[in-house]
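Enquirer: The sequence shown begins at 655 in this note's numbering and counts up by one.
Shown below is the structure under consideration.
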Amino acid sequence: MTDTMRFDGKVVVITGAGAGLGRSHALEFARRGAQVVVNDLGGGGHGEGKSSEAADSVVAEIVAAGGEAVANYDSVEDGEAIIRTAMDNYDRVDVVVNNAGILRDASFAKMTDEDWDLIYRVHALGAYKVTKAAWPIMLEQGYGRIVNTASAAGIYGNFGQANYSFAKRGLIGFTNTLAIEGARKGIKANVVAPVAGSRLTETILPEEVVAALKPEFVTPLVVKLCAEESEENGSLFEVGAGWVSKLRWERSQGACFDPKAELSAEAIDAAWEQIGDFSDAQHPISIQDTFGPVFGNLGIKL
655 MTDTMRFDGK
665 VVVITGAGAG
675 LGRSHALEFA
685 RRGAQVVVND
695 LGGGGHGEGK
705 SSEAADSVVA
715 EIVAAGGEAV
725 ANYDSVEDGE
735 AIIRTAMDNY
745 DRVDVVVNNA
755 GILRDASFAK
765 MTDEDWDLIY
775 RVHALGAYKV
785 TKAAWPIMLE
795 QGYGRIVNTA
805 SAAGIYGNFG
815 QANYSFAKRG
825 LIGFTNTLAI
835 EGARKGIKAN
845 VVAPVAGSRL
855 TETILPEEVV
865 AALKPEFVTP
875 LVVKLCAEES
885 EENGSLFEVG
895 AGWVSKLRWE
905 RSQGACFDPK
915 AELSAEAIDA
925 AWEQIGDFSD
935 AQHPISIQDT
945 FGPVFGNLGI
955 KL
């Protein structure tokens, strides 16, 4: 199949691109003509250490294949330095893929402040800092694509990952707001929640399962979302092992009570079955969809 989604003349910044998903993304964007900033601190999967080897190796792969890339070894907490690498070398930023990640799994009872803070700083603060540095450039260009990397743990929760789940769910709300604020300036933002074999998952999944969950099954969705012709904005996708799915919110019709009368816990309990009845569910897509039923119950038409 001929490539129709090309990135010639586009500059793509990918964090955590020294291995796994990030490496897969970097190689594919470069193959499609992009100039790629390969960011990787080169630390371990738990946030320890630093090395230039991981990023340099991916850059070497891209160059050997005839592509263009430059390495960056800064922490995602220093997002300005990462974006400066793009500007110093290529003078623009068209795509940001916030992919860098670590794990510090522990049950909530045993979780330390360091476990919490490190996860927050890499996943949430890091995504903010890199995107914040790229944002004014994209606004001035009138163009940009942002993909943030969430997780099923962020959508559903997962034992031993209160820190990780918190950070990944936060990225979903973050992305939704970027999508709203960037829409009129040609900037689109989306979230992917991948299931892929990586240094993070290889410690918790059987070897044969990790082998089947190739990062290369995630990268095509990221490419699609970052293509200039893509109109997708503010969406969340689960992806892995050849499966791609889009998620949406579902809300019951709920129960309405007289806003001029007192409301009791007993009244809510009596209507509990109706409150949780999804047989005629709604699918809200914006904050305005929250105001509708609230104001409607007050007799106010929006």
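No residue lacks a Cβ here, since even glycine has one placed at the ideal position from N, Cα and C.
Predicted model only: the values in this text are computed from it and were never measured.
In the DSSP assignment, the alpha helix (DSSP H) including residue 944 goes from what residue to what residue?
Expert: Taking the first residue of the sequence shown as position 1, residue 944 is located at position 290. Per DSSP, residue 944 belongs to the alpha helix (DSSP H) from 942–951.
Enquirer: Using CA atoms only, rank isn't needed, just tell me which of 775, 683 and 720 is closest to residue 874.
Expert: Taking the sequence shown and counting its residues from 1, one reaches residue 874 at position 220. When each option's Cα is compared against that of residue 874, the closest is 683.
Enquirer: Which residue comes first and which comes last in the alpha helix (DSSP H) that contains residue 795?
Expert: For the purposes of this step, residue 795 is identified with residue 141 of the sequence shown, where counting begins at 1. Element bounds for residue 795: 780–795.
Enquirer: Three or more beta-carbon pairs under 8 Å between the stretch 746–763 and the stretch 775–785, yes or no?
Expert: They touch, by the three-pair rule.
Enquirer: Over what stretch of residues does the alpha helix (DSSP H) that includes residue 900 continue unbroken?
Expert: Walking along the sequence shown from the start, residue 900 turns up at place 246. Looking at the DSSP string, residue 900 is not in any alpha helix (DSSP H); the run it does join, the beta strand (DSSP E), is 897–901.
Enquirer: Would you call the stretch 660–672 and the stretch 684–696 in contact, with 3 or more CB pairs under 8 Å?
Expert: Contact between the stretch 660–672 and the stretch 684–696 is present, because at least three Cβ pairs lie under 8 Å.
Enquirer: Taking Cβ positions, are residue 839 and residue 798 nearer each other than 9 Å?
Expert: Your numbering for residue 839 matches position 185 in the sequence shown. Your numbering for residue 798 matches position 144 in the sequence shown. Cβ distance < 9 Å, so residue 839 and residue 798 count as in contact.
Enquirer: Excluding five sequence neighbours on each side, which residues of the same chain lie with their C-beta closer than 6 Å to the C-beta of residue 728?
Expert: For the purposes of this step, residue 728 is taken as residue 74 along the sequence shown, with counting starting at 1. Cβ within range, chain order: 735 and 736.
Enquirer: In this structure, does DSSP put residue 693 in helix, strand or coil?
Expert: Position 39 of the sequence shown, counted from the start, is the residue given in the question as residue 693. Correct three-state label for residue 693: strand.
Enquirer: Name, in chain order, the residues that DSSP records as bridge partners for residue 842.
Expert: As a first step, residue 842 is located in the sequence shown; it is residue number 188 there, counting from the start. DSSP, once it has assigned bridges, lists 799 as partnering residue 842.
Enquirer: Is it buried or exposed, residue 892, if we count other Cβ atoms within 10 angstroms and call 16 or more buried?
Expert: Mapped onto the sequence shown, residue 892 falls at position 238. Looking at its Cβ environment, which holds 16 or more other Cβ atoms inside 10 Å, residue 892 is buried.
Enquirer: Can you tell which of 944, 816 and 827 has the C-alpha that lies nearest to the C-alpha of residue 845?
Expert: If you number the sequence shown from 1, residue 845 lands on position 191. Selected option, being the one with the closest Cα: 827.
Enquirer: Does residue 1042 come out as helix, strand or coil in the three-state DSSP assignment?
Expert: Limits of the chain in this structure are 655 at one end and 956 at the other, which puts residue 1042 out of reach.
Enquirer: Helix, strand or coil, according to DSSP, for residue 871 in the structure here?
Expert: Numbered from 1 along the sequence shown, position 217 holds the residue referred to as residue 871. It is helical.
Enquirer: Could you check where the alpha helix (DSSP H) with residue 675 kicks off and where it finishes?
Expert: In the sequence shown, the residue the question calls residue 675 occupies position 21. Here the alpha helix (DSSP H) through residue 675 covers 674–685.
Enquirer: Return the Cβ separation of residue 671 and residue 712 in integer angstroms, given the expectation that the two are a contact with Cβ distance under 8 Å.
Expert: Here residue 671 refers to the residue found at position 17 of the sequence shown. Here residue 712 refers to the residue found at position 58 of the sequence shown. Sure, about 6 Å apart at Cβ, within 8 Å.
Enquirer: Express the C-alpha separation of residue 792 and residue 678 in angstroms, rounding to a whole number.
Expert: Your numbering for residue 678 matches position 24 in the sequence shown. Your numbering for residue 792 matches position 138 in the sequence shown. Cα to Cα, the separation comes out at about 24 Å.
Enquirer: Classify residue 943: buried if its beta carbon has 16 or more other beta carbons within 10 angstroms, exposed otherwise.
Expert: On the sequence shown, residue 943 is found 289 positions in, with the first residue counted as 1. Residue 943 is exposed by the Cβ-count criterion.
Enquirer: Rounding to the nearest angstrom, what Cα-Cα distance links residue 833 and residue 694 in this structure?
Expert: Taking the sequence shown and counting its residues from 1, one reaches residue 833 at position 179. Taking the sequence shown and counting its residues from 1, one reaches residue 694 at position 40. Cα-Cα distance, rounded: 26 Å.
Enquirer: Does DSSP classify residue 936 as helix, strand or coil?
Expert: The residue labelled residue 936 in the question sits at position 282 within the sequence shown. DSSP places residue 936 in strand when its eight states are reduced to three.
Enquirer: Can you tell me which of 889, 936 and 673 puts its alpha carbon nearest to the alpha carbon of residue 715?
Expert: Reading the sequence shown from its first residue, position 61 is the one you call residue 715. Looking at the Cα atoms, 673 is the closest of the given residues.
Enquirer: Give a yes or no on whether the C-beta atoms belonging to residue 939 and residue 903 are separated by under 9 Å.
Expert: On the sequence shown, position 285 is the one that residue 939 refers to. On the sequence shown, position 249 is the one that residue 903 refers to. A contact, by the Cβ cut-off of 9 Å.
Enquirer: Evaluate contact between the stretch 763–779 and the stretch 740–747, counting only Cβ atoms and requiring at least three cross-stretch pairs below 8 Å.
Expert: Output reads no: the stretch 740–747 does not touch the stretch 763–779.
Enquirer: Would DSSP call residue 752 helix, strand or coil?
Expert: For the purposes of this step, residue 752 is identified with residue 98 of the sequence shown, where counting begins at 1. Residue 752: strand per DSSP, three-state reduction.
Enquirer: Taking a contact to mean a Cβ-Cβ separation below 9 Å, would you say residue 879 touches residue 801 in this structure?
Expert: Position 225 of the sequence shown, counting from 1, holds the residue named residue 879. Position 147 of the sequence shown, counting from 1, holds the residue named residue 801. Yes, these two residues count as a Cβ contact at 9 Å.
Enquirer: By the 10 Å Cβ neighbour count, where 16 or more other Cβ atoms means buried, how is residue 926 classified, buried or exposed?
Expert: Translated into positions along the sequence shown, residue 926 becomes position 272. Answer is exposed; the Cβ neighbour count stays below 16.
Enquirer: Output needed for residue 808: all residues of its chain with C-beta closer than 6 Å, excluding positions within five of it in sequence on either side, in chain order.
Expert: As a position in the sequence shown, residue 808 is number 154, starting the count at 1. These residues qualify, in order along the chain: 819, 822 and 823.
Enquirer: Please list, in chain order, all residues of the same chain as residue 774 whose beta carbon is under 6 Å from its beta carbon, the five residues on each side excluded.
Expert: One-based indexing of the sequence shown puts residue 774 at position 120. 821.
Enquirer: Considering Cα atoms alone, identify which of 778, 761, 795 and 862 is closest to residue 816.
Expert: Numbered from its first residue, the sequence shown carries residue 816 at position 162. Here the closest residue by C-alpha is 761.
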